[in-house]
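*Asks:*
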Amino acid sequence: MNRDRKTTLALAVITVGFAALAVAFVRVPPRPGVIALPPLVSPQDLAIVPGTVRVSAAQLVSSGGDTSGLACYTCHHQDSPPVIQFDSQHHIILPKEHADLIFSMRNCAECHPPSDPVKLEYADDGSLVMPEAHRGLLAIAHGRNFRNENCYNCHDRNQLDQLHTPEGAKLSFDQATLLCAGCHGPNYRDWQAGIHGRTSGYWDRQAGPINRQQCTSCHDPHAPAFTGIIPMPAPHYLHPLPAHAARPESPAL
Amino acid sequence: MPPDPNLPPSDRASAGMTRRSFLRGAAALSVGAAAIAAGLAPLRQLGKFTSVNEFLQKYYKELTPEEMKVVLARIEDEVQRQYGIRPHVRDYKPMNGVEFVYALNLTRCVGCRKCVHACVAENNQSRNPEIQYIRVLQMPNDGTFDMDKGDTNYAPKSVPQPGFFYMPVQCHHCKNPPCVKVCPVKATWQEPDGITVVDYNWCIGCRYCEAACPYFARRFNFTAPSIPTELINPNMSYLGNRPRYKGVMEKCHFCIQRTRVGRYPACVEVCPTGSRKFGNILDPNSEVSYILKNKRVLILKEELGTLPRFFYYFDI
């Protein structure tokens with residue numbers, strides 16, 4: 057073998073080597089085998105729950121929902137009335153089964169038949185005396201100065217499951233928003249414009265409906281002001297903060 | 032050995048090669064080749080993280096609809112490989128005659144942070160490390176709107192606390208956005224409907240935009256995001272909530288996958304107090320039009336001239 061051939065051979069080997077490197081570079085490493093397609097998660101399962109904090113009687117009636125919960129006698133028997141227990145403060149002890157019961161979902165007429173209207177008692181200073189049976193069960197806290205604690209300001213005297221406006225117009229439970237509007241004009245104006253209260257659905261009315269809430273969907277009419285709620289967790293730091301900087305002055309953004 | 036002058040010129044050089052110089056050259060070449068191979072070895076792992084197609088992908092605005100289809104299918108494959116779930120990745124286009132505006136009622140906000148966590152769930156944000164688009168500031172009720180006085184880590188038993196008000200801050204989708212101006216590769220831009228978007232495949236992660244944003248609205252993926260499979264939202268959009276890569280910026284995009292089909296963003300739907308309002312400012316009957324016409328409106332850091340599309344307002 058002469059020198060030229062050797063050189064050619066060496067160059068060929070080097071060329072092949074580089075070609076192999078090039079192939080190794082371009083070749084994508086083997087992917088994991090074909091994965092069986094997992095079932096699609098329905099986007100609805102992850103959709104944000106646009107529910108409200110409570111279900112009002114008005115909502116239930118107007119949506120044609122199950123109103124059987126409004127009647128006490130679906131569980132209790134008329135012959136054997138439930139024994140009501142009071143604590144040492146004469147507050148009624150709510151059974152565990154009723155822990156999630158919202159007062160507004162009760163049917164007043166079950167206890168107060170229209171034939172026997174409730175007589176309100178007033179203390180010497182003119183304030184309403186809360187009936188013992190309602191203590192601890194129903195907080196009448198309507199109005200910052202408790203000025204609206206008379207049941208018959210809103211409820212019809214002879215038919216407690218009906219409402220009436222100060223002018224005397226009769227309203228059913230699912231028209232409660234109109235009753236609220238009688239006093240809370242600015243809020244009703246904003247609500248009509250879509251500014252007050254929770255909304256969900258579609259901003260584009262052509263694409264779909266917008267879900268609006270009635271007043272009593274969020275506010276308990278007997279105690280409309282909200283108490284505080286527990287905040288969701290704060291952002292976590294990657295590293296624990298030193299003790300002296302636990303509450304930094306500037307926001308860690 | 033002198034070169035033979037009778038040989039053709041092309042052979043003269045090789046004829047001048049001695050055994051020693053050849054061996055030396057061959058050794059040097061093989062060492063060099065080995066070094067190159069060793070140096071390129073990490074690139075062989077490249078396929079696990081990127082592909083030739085991704086590397087050669089064109090700029091978002093230059094993609095034809097057919098090319099976009101290929102890109103979306105590739106991203107679906109990537110997500111399936113990484114998270115074990117097959118998503119729907121779509122490229123939602125802006126609607127005609129729509130400009131989005133956001134309004135937030137500072138009188139009503141109680142600082143419950145439900146919006147923060149709804150946003151995380153909707154937009155496939157990294158759970159570890161935590162990435163959140165919305166920061167809720169607990170501000171002293173002394174008439175200031177200085178963000179530096181806010182506290183993001185408040186954790187009382189119950190909110191709202193007396194003496195404070197709560198101001199959630201997120202991307203303001205400015206009409207004059209400093210973040211877009213500083214981007215050296217135009218990976219972030221304003222869409223015709225007012226949404227400032229980020230192309231996660233085009234971002235180089237220089238974080239200039241994060242520094243430029245006066246509202247601290249941009250987040251950087253220092254690591255690859257980690258999201259449990261069961262928490263993945265499979266309704267994804269290219270410019271929106273598809274999983275991000277390590278080393279790219281992200282931020283609020285008004286839930287592009289919801290708002291461009293007419294729905295409300297997740298934070299609006301979840302707000303229990305109804306403080307958050309969203310809509311089309313070009314529609315005179317929309318909620319946001321009513322707010323801007325009838326309410327007292329605050330623009331955060333108005334003096335900077337960023338012209339945000341995000342307004343705070345008060346009930347009067």
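These protein sequences, in sequence, are chains A and B.
The opening position of the first sequence corresponds to residue 57 in my numbering, with each subsequent residue numbered one higher.
The opening position of the second sequence corresponds to residue 32 in my numbering, with each subsequent residue numbered one higher.
Ideal placement from N, C-alpha and C gives every residue a C-beta, glycine not left out.
In this text the structure is predicted, and so the values were computed from the model without any measurement.
Please tell me whether C143(B) and C298(B) are closer than 8 angstroms, where the distance is taken between their beta carbons.
*Replies:* Cβ atoms of C143(B) and C298(B): not closer than 8 angstroms.
*Asks:* Rounded to the nearest angstrom, what separates H198(A) and E153(B) at their Cα positions?
*Replies:* Taking the straight line joining both Cα atoms gives about 37 angstroms.
*Asks:* Near I165(B), what residues of its chain come up, given a Cβ to Cβ distance below 6 angstroms and the 5 sequence neighbours on each side ignored?
*Replies:* Excluding positions up to five away in sequence, the list reads C146, V147, C150, P199, Q201.
*Asks:* Considering only residues of the same chain and omitting the five flanking positions on each side of N232(B), which have a CB-CB separation below 6 angstroms?
*Replies:* If we look at N232(B) and ignore the five residues flanking it on each side, its Cβ neighbours are Q88.
*Asks:* Quick one: grab the DSSP three-state call for N267(A).
*Replies:* Three-state DSSP puts N267(A) in a strand.
*Asks:* Please confirm whether F229(A) has its beta-carbon closer than 8 angstroms to some beta-carbon of chain B.
*Replies:* Chain B contact via Cβ: absent.
*Asks:* Output the distance between the C-alpha atoms of I266(A) and D260(A), rounded to the nearest integer angstrom.
*Replies:* Near 8 angstroms, if we compare the C-alpha coordinates of D260(A) and I266(A).
*Asks:* I need the DSSP call for N136(B), collapsed to helix, strand or coil.
*Replies:* In the structure shown, N136(B) sits in a strand (DSSP, three-state: E or B).
*Asks:* What separation, rounded to the nearest whole angstrom, lies between the Cα atoms of G264(A) and F309(B)?
*Replies:* G264(A) and F309(B): Cα-Cα distance of roughly 15 angstroms.
*Asks:* Check distances from the C-beta atoms of the region 157 to 173 of chain B to those of chain A and list, in chain order, the residues that come in under 7 angstroms.
*Replies:* Flagged, chain order: P160, E161, Q163, R166, L168.
*Asks:* Which first and last residues belong to the alpha helix (DSSP H) in which N209(A) is found?
*Replies:* Taken as a continuous stretch (DSSP letters only), N209(A) belongs to no alpha helix (DSSP H), as it is neither H nor E.
*Asks:* Name the chain A residues that come within less than 8 angstroms of A64(B), Cβ to Cβ?
*Replies:* By Cβ distance, chain A contributes I70, G73, F74, L77.
*Asks:* Taking just the CA atoms, how far does K332(B) sit from K324(B)?
*Replies:* Each residue's alpha carbon lies about 21 angstroms from the other.
*Asks:* Give the interface partners of Y258(A) over in chain B, defined as CB-CB distance under 8 angstroms, in chain order.
*Replies:* Within 8 angstroms Cβ-Cβ: G293, R294, Y295.
*Asks:* Alpha carbon to alpha carbon, how far is P287(A) from N190(B)? Give it in angstroms, no decimals.
*Replies:* Asn is not the amino acid found at residue 190(B); the sequence shown has Val there. The alpha-carbon atoms of V190(B) and P287(A) are separated by roughly 6 angstroms.
*Asks:* Give the secondary structure of P256(B) by DSSP, where H, G and I count as helix, E and B as strand, and everything else as coil.
*Replies:* Coil, per DSSP.
*Asks:* Rounded to whole angstroms, how far is the Cβ of P265(B) from the Cβ of H119(B), which I believe are closer than 8 angstroms?
*Replies:* So it is a contact: roughly 6 angstroms between Cβ atoms.
*Asks:* So the alpha helix (DSSP H) L331(B) belongs to, where does it begin and stop?
*Replies:* Looking at the DSSP string, L331(B) is not in any alpha helix (DSSP H), and its letter there is neither H nor E.
*Asks:* Could you check the C-alpha separation between P259(B) and Y276(B) for me, to the nearest Å?
*Replies:* P259(B) and Y276(B): Cα-Cα distance of roughly 16 angstroms.
*Asks:* Which runs of the alpha helix (DSSP H) fall wholly inside the region 70 to 115 of chain B and span at least 4 residues, in chain order?
*Replies:* With a minimum length of 4 residues, the continuous alpha helix (DSSP H) runs that stay inside the region 70 to 115 of chain B are 77 to 80, 83 to 86, 96 to 114.
*Asks:* State the DSSP-derived secondary structure class of V120(B), mapped to helix, strand or coil.
*Replies:* Correct three-state label for V120(B): strand.
*Asks:* Report the start-end ranges of each alpha helix (DSSP H) in the region 212 to 298 of chain A that is 4 residues or longer and not cut off at the edges.
*Replies:* The qualifying runs are 232 to 237, 241 to 249, 271 to 274.
*Asks:* Name, please, each residue of chain A whose Cβ falls closer than 8 angstroms to the Cβ of I258(B).
*Replies:* Correct list: empty, because the minimum Cβ distance to chain A is about 12 angstroms.
*Asks:* Confirm, please, whether the CB-CB distance from I287(B) to S317(B) is below 8 angstroms.
*Replies:* Cβ distance not < 8 angstroms, so S317(B) and I287(B) don't count as in contact.
*Asks:* How is Q288(B) classed by DSSP in three states: helix, strand or coil?
*Replies:* In the structure shown, Q288(B) sits in a helix (DSSP, three-state: H, G or I).
*Asks:* Over the uninterrupted beta strand (DSSP E) stretch that includes K308(B), give me the two end residues.
*Replies:* Unbroken beta strand (DSSP E) run through K308(B): 307 to 311.
*Asks:* Helix, strand or coil: which one does DSSP assign to F247(B)?
*Replies:* Coil at F247(B), not helix or strand.
*Asks:* Apply the 10 Å Cβ neighbour rule to G250(A) and answer buried if 16 or more other Cβ atoms are within range, or exposed otherwise.
*Replies:* Per the 10 Å Cβ criterion, buried.
*Asks:* Would DSSP call S52(B) helix, strand or coil?
*Replies:* S52(B): helix per DSSP, three-state reduction.
*Asks:* Out of curiosity, what's the CA-to-CA distance linking Y344(B) and N243(A)?
*Replies:* Distance between the alpha carbons of Y344(B) and N243(A): 15 angstroms.
*Asks:* Under 8 angstroms by Cβ, that's how I've got C205(B) and P303(B) pegged, so tell me the actual separation to the nearest angstrom.
*Replies:* 28 angstroms between Cβ atoms; not a contact.
*Asks:* Grouping DSSP H, G and I as helix and E and B as strand, with all else coil, what is R59(A)?
*Replies:* Helix at R59(A).
*Asks:* Enumerate in chain order the residues of its own chain whose CB-to-CB distance from R355(B) is below 7 angstroms, with the five nearest sequence positions on each side excluded.
*Replies:* Any property of residue 355(B) remains undetermined from this structure, which presents chain B solely from 32 to 347.
*Asks:* Going by DSSP in three states, F176(B) sits in which element: helix, strand or coil?
*Replies:* Correct three-state label for F176(B): coil.
*Asks:* To the nearest whole angstrom, what separates the beta carbons of T183(B) and A290(A), a pair I think is in contact under 8 angstroms?
*Replies:* Indeed, because the Cβ distance is near 7 angstroms, the residues count as touching under 8 angstroms.
*Asks:* Sort T227(B), L168(B), E161(B) by Cα distance to A255(B) and report the nearest one.
*Replies:* Answer by Cα proximity: E161(B).
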